[in-house]
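Here the sequence shown stands for residues 8 to 140, where the numbers follow my numbering.
C-beta: ideal position from N, C-alpha, C; glycine also.
In this text the structure is predicted, and so the values were computed from the model without any measurement.
Structure first, then comments.
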Amino acid sequence: MKFRKKHKGEASEVFTDSLNDILFILLMFFLIVATLANPNVIKVGLPRGTKDTKAKQNIMVSIDKDQQFHIGSSKVDHAMIDSALIREIEKYKATVDTPTVVINADTAAFYGEVFRIMRLSKKSGAKVVANVK
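The following block contains the structure:
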């Protein structure tokens, strides 16, 4: 029996250059598809307006970091804010069907006070917009 000797120069090689290109393309494809497909998204039909209109700001209520209330530019005592706000809303109801109360509150303002102003405004028949900075 005669065995053939292998030459040391003959080594089996596998060329993986094209395999690397294909794997890179597949990786990019799956990364892009994974970012586009979000299973947690619920599609909701949102209303679209024809004009970009903003609510007219009739009554401005400001609460600063020291918990001081201002209606417009006048300072109002903490105990009198309810009656002053109702009086202001009733004054605007004579000219406007539903007045808008805009609440500007500092981040250090108590949220309970902001919600109290919101509840009181809604109860008095006004629209409420909160602008918390």
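Take N111, set aside five residues on each side of it, and the residues of its chain with a beta-carbon closer than 6 Å to its own are S69 and N138, in chain order. Exposure of A41 is indicated by the presence of fewer than 16 other C-beta atoms within 10 angstroms of its C-beta.
Following the DSSP letters along the chain, one finds N27 inside the alpha helix (DSSP H) bounded by residues D24 to L43. Counting along the chain, K72 sits inside no alpha helix (DSSP H), nor does DSSP assign it H or E at all.
Here S128 is buried: its Cβ has 16 or more other Cβ atoms, across all protein chains shown, within 10 Å. Sixteen is the threshold: since fewer than 16 other Cβ atoms of the shown chains lie within 10 Å of the Cβ of V21, the residue is exposed. Rounded to the nearest angstrom, the gap between the Cα atoms of D89 and K72 is 19 Å.
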